[in-house]
Structure formats: structure tokens, C-alpha cells
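**Q** In my numbering, the protein residues as written are 50 to 325.
Cβ atoms here follow ideal geometry from the backbone N, Cα and C, with glycine treated the same way.
This is the structure I have questions about; it appears just below.
This is the structure in C-alpha cells:
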């Protein structure tokens, strides 16, 4: 296995350009890359929509606890999983207006949206992945060997990649179903990392799939599920995300370090944070 060790390269000099303080402790973020907007939610169930300059575009408070949330890359669709779980899928538009409220699949754990806001995927503790259309109606399902904890749609291809507990990785391909508006998902590859995955992320075409594996570093896969090696930053990596072309990677560690590296593993910038 090729190991990419993070040797210094051409340096970057990032600087803080804005700071936003949420009303309650921040709970999650989701970035709409095409729209250039950031969805945030806090422990007080407040929703925030910001632009990339940190300016507030909209905010709203949800009456129920937010367990998970996501925004499509084009910014057209926002999905919330709220308590109680058995009646808690809320679909919003970019102005936080409620479009649809549906019953969520039983024991739902996460939600993600395809880049164009056409389909959602909801993972459950029962090892079933549910696909819904943008109106919250069933569009297909997939049984997996283990319950998935992460799923990413590949923006440029009819594919998704997922990760389960103890490092099971899966690649999922989609065919348009015989019935309009439905999908026929199929697992086309699987791999075992023997490590939990803190974060799963893909570039625009799926040629760079990154699994943040804590002490095993950042494991890199290609579109066919082949492990292409790993990046090691000297810490316990919990988050690693590539840019859309797959040329630059941002990574964070449990020790409170933030780094930017190129696709060869050369460190372009790193800094320590006050807390992870």
C-alpha cells in the first residue's frame, strides 16, 4: 500500500475572515457547494443559512430536536430528521419554508441528499438504506450487511459510497427504476478497513474517496473501491474532505490540529486549534 506521509510543499497562508457565534453550541454543518451556502444547526434547534462570506441569509427555530440535517449542493432542498424519530422527516426549501413533513423510516440515524436535490437517502439501525424522492415518497431501498453510518452521493456519477461500523465500505450504483421516480440501487463493491470511519467524503467525480480512520489516517479509495493508500498527519484524523476537483484536502484531528494537504500528501498549511 502506498503511504503518503505529508512532506512540506508550497505553503498556503490562510487567515480567519469571519466568525459566526450560534445561539447554542453548534451541532452540525452542511455545505451547498454549488449554491455557495452553509446550513448550520445548534443544540437549541436553531437553523442558520449563511453565505460563504459569513453573512446571514435566513434563520429559523424548529420545535423538535434535530438529530441530523443535510442540504443539497444546489441549495434547493434541506432535510431534517427530528424527534420523535417515527414521524420526523421535514423537507424545507432554501427560505426554510416547510415543503413536506413525512414519517421517517423506523430508527433513522442519518439523512443525505443528492447534489441536485432529487433524492434523499435515510440510513437506519436496521441495516436498511431508504431512498426517497424530493417529496418524501419512497423511491427504493437497499439492504446492507451492516448498518451504514455515512453515505455520500457522487456528484458527477449515478453512484454513492457508504461506510458502516468497523470500517465496512460499500460502493452503490443506481439504475433508473422501471417505475418513474424510482431507483434500483445495487452494491457493486465492498471493502473492510477494520476501523471505524469518522467521516466519509468524495470529490466531484468519485475518483477520490476519503475515509477518516482515526489512528489509521486518511484511507483513499478510487471509484472501483480500490485502496490507493493513506495519508498520515501525525494525529488522530477524524475529518478529511477533498475539494471538488480532488486536488486539495482539508483534515482535522482529535488533538485539535487543522491541516491542508495536496493530493500527493504534501502539507501546505497546518495550525493548532483551541479545541478539536
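On the CB-based measure, 16 or more other CB atoms within 10 Å of its CB, does residue 275 come out buried or exposed?
**A** exposed
**Q** Quick check on the DSSP output: what are the complete beta strand (DSSP E) runs of length 3 or more inside the segment 185-223, in order along the chain?
**A** 187-192, 197-203, 208-213
**Q** So, helix, strand or coil for residue 174, using DSSP?
**A** coil
**Q** Return the Cβ separation of residue 327 and residue 95 in integer angstroms, given the expectation that the two are a contact with Cβ distance under 8 Å.
**A** Only positions 50 to 325 of the chain appear in this structure, which leaves residue 327 out of reach.
**Q** Check the C-beta distance from residue 330 over to residue 183 and give it rounded, since I have them as a contact under 8 Å.
**A** As displayed, the chain neither begins before 50 nor continues past 325, which places residue 330 out of reach and without an answer.
**Q** By Cβ distance below 7 Å, which residues in the same chain neighbour residue 288 in space, the five residues on each side in sequence not counted?
**A** Contacts found: 247, 248, 261, 300, 301.
**Q** Can at least three beta-carbon pairs, one atom from the segment 149-167 and one from the segment 61-78, be found at a separation below 8 Å?
**A** no
**Q** Please classify residue 102 as buried or exposed, where buried requires at least 16 neighbouring CB atoms within 10 angstroms.
**A** exposed
**Q** Could you tell me if residue 203 is buried or exposed, where buried requires 16 or more neighbouring beta carbons within 10 angstroms of its beta carbon?
**A** buried
**Q** Assuming contact is defined by CB atoms lying nearer than 8 Å, are residue 278 and residue 243 in contact in what I supplied?
**A** no
**Q** Going by DSSP, what residues sit across from residue 90 in a beta bridge?
**A** 77, 96
**Q** With H, G and I counted as helix, E and B as strand and the rest as coil, what does DSSP make of residue 57?
**A** With a pLDDT of only 48 at residue 57, under 50, the local geometry of the prediction cannot be trusted, and the value read off the model is given with reservation. Note: residue 57 maps to strand in three-state DSSP.
**Q** Answer yes or no: the CB of residue 218 versus the heavy atoms of the ligand GTP, is any distance below 7 Å?
**A** This structure lacks the ligand GTP; in fact it carries no ligand of any kind.
**Q** CA-CA distance, residue 186 and residue 147?
**A** The straight-line gap from Cα to Cα measures roughly 15 Å.
**Q** State buried or exposed for residue 50, treating a residue as buried only when at least 16 other CB atoms are found within 10 Å of its CB.
**A** Only weak support is given to the placement of residue 50: the predicted model assigns it a pLDDT of 38, under 50, and the value that follows is read from those uncertain coordinates. With fewer than 16 other Cβ atoms within 10 Å, it is exposed.
**Q** Using a Cβ-Cβ cut-off of 6 Å (strictly less than) and excluding sequence neighbours within five positions of residue 322, which residues of its own chain qualify?
**A** 305, 307
**Q** Taking only three categories from DSSP, how would you classify residue 238?
**A** strand
**Q** Helix, strand or coil for residue 278 per DSSP?
**A** strand
**Q** Taking the beta carbon of residue 319 as the centre, do at least 16 other beta carbons fall within 10 Å, making it buried, or is it exposed?
**A** By the 10 Å Cβ count, residue 319 comes out buried.
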